[in-house]
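In full-length UniProt numbering, the protein residues as written are 42 to 206.
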Ligand code: IDP
């Protein structure tokens with residue numbers, strides 16, 4: 042990955058994944074982790090977190106005026122979540138494809154092998170989160186891994202060869 046310093050393409054190569062409380066409770070963390078590694082993405086940082094209501098509100102603040110917001114916040118703070126910082130070519134797009142559409146019902150029709158199709162229940166309890174843009178990645182990764190700084194998110198990090206396990 043030469044020229045990475047001047048090449049913004051590496052920005053597509055890191056993303057944030059969250060196993061939400063429903064899938065955590067159903068013990069899907071290991072399966073989802075394995076799928077991520079089999080897809081050729083690397084896990085750069087990971088950990089279990091419990092969001093209190095205020096943190097869940099902050100994480101999803103862009104949705105604060107939506108009618109589903111209170112339900113979303115109480116769901117996201119209802120139990121532990123498992124958060125992973127993923128790296129690999131086109132990580133944002135790749136992970137979004139792996140998780141499928143927001144609504145698991147739609148996912149079961151359109152993308153039956155996706156994680157939400159298999160592990161999601163409804164529009165809110167949809168098993169996993171995936172960042173939707175590089176701006177979101179930066180904000181979300183700071184939220185969970187405050188010390189995983191811009192400096193450590195170097196182009197070199199993002200350009201390490203993808204290992205398929
Ligand atoms: P995304 O997670 O697929 O990017 P967003 O529109 O960013 O979808 O919504 C964030 C989360 O809010 C969803 O993953 C889901 O848990 C919840 N959500 C989104 N839309 C609805 C809805 O219409 N009803 C209930 N919950 C919703």
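We treat Cβ as the ideally placed atom computed from N, Cα and C, and that holds for glycine. Given the structure is predicted, the values throughout are model-derived calculations rather than measurements.
Going by alpha carbons, who is nearest to residue 83 out of 133, 160, 122 and 148?
Taking the first residue of the chain shown as 1, we reach residue 83 at position 42. Among 133, 160, 122 and 148, the Cα nearest to that of residue 83 belongs to 133.
Since I believe residue 89 is in contact with residue 62 (beta carbons under 8 Å), could you give me their beta-carbon distance rounded to a whole number of angstroms?
On the chain shown, residue 62 is found 21 positions in, with the first residue counted as 1. On the chain shown, residue 89 is found 48 positions in, with the first residue counted as 1. Not really, about 11 Å apart at Cβ, beyond 8 Å.
Spatial neighbours of residue 119 in its chain, beta-carbon cut-off 7 Å, leaving aside the 5 residues before and after:
Within the chain shown, the letter at position 78 stands for residue 119. Here the set comprises 62.
Through-space distance from residue 187 to residue 162, alpha-carbon basis
Working through the chain shown from its first residue, we reach residue 162 at position 121. Working through the chain shown from its first residue, we reach residue 187 at position 146. So the alpha carbons of these two residues sit roughly 31 Å apart.
What residues match up with residue 128 in a beta bridge as DSSP calls it?
In the chain shown, counting from the first residue as 1, residue 128 sits at position 87. Paired residues: 55 and 83.
Give me, in chain order, the residues of the same chain whose beta-carbon lies closer than 8 Å to that of residue 57; leave out the 5 immediate sequence neighbours on both sides.
Within the chain shown, residue 57 is the residue found at index 16, counting from 1. Hits under 8 Å: 124, 125, 126, 127, 170, 171, 172, 177, 178, 181, 182 and 185.
Let me check you understand the geometry: is the CB of residue 171 closer than 8 Å to at least one non-hydrogen atom of the ligand IDP?
On the chain shown, position 130 is the one that residue 171 refers to. It does: the Cβ of residue 171 is within 8 Å (strictly closer) of some heavy atom of the ligand IDP.
Would you say residue 165 touches the ligand IDP, meaning its beta carbon is less than 8 Å from a heavy atom?
Start at 1 with the first residue of the chain shown, and residue 165 comes out as number 124. For the ligand IDP, at least one heavy atom lies less than 8 Å from the Cβ of residue 165.
Does at least one heavy atom of the ligand IDP sit under 8 Å from the Cβ of residue 23?
Since the first residue shown for the chain is 42 and the last is 206, residue 23 is missing from the structure and cannot be characterised.
Could you pull out every residue in the same chain whose Cβ sits closer than 6 Å to the Cβ of residue 85, ignoring the five residues on either side in sequence?
Numbered from 1 along the chain shown, position 44 holds the residue referred to as residue 85. For residue 85, where only same-chain residues beyond five positions count, the Cβ hits under 6 Å are 126 and 128.
Beta-ladder partner(s) of residue 170, from DSSP:
Taking the chain shown and counting its residues from 1, the one referred to as residue 170 is at position 129. Answer by DSSP bridge pairing, in chain order: 59.
Neighbourhood of residue 66 by C-beta distance below 7 Å, restricted to the same chain and skipping five residues each side
Working through the chain shown from its first residue, we reach residue 66 at position 25. In chain order, 120 place their CB closer than 7 Å to the CB of residue 66, counting only its own chain and leaving out the 5 sequence neighbours on each side.
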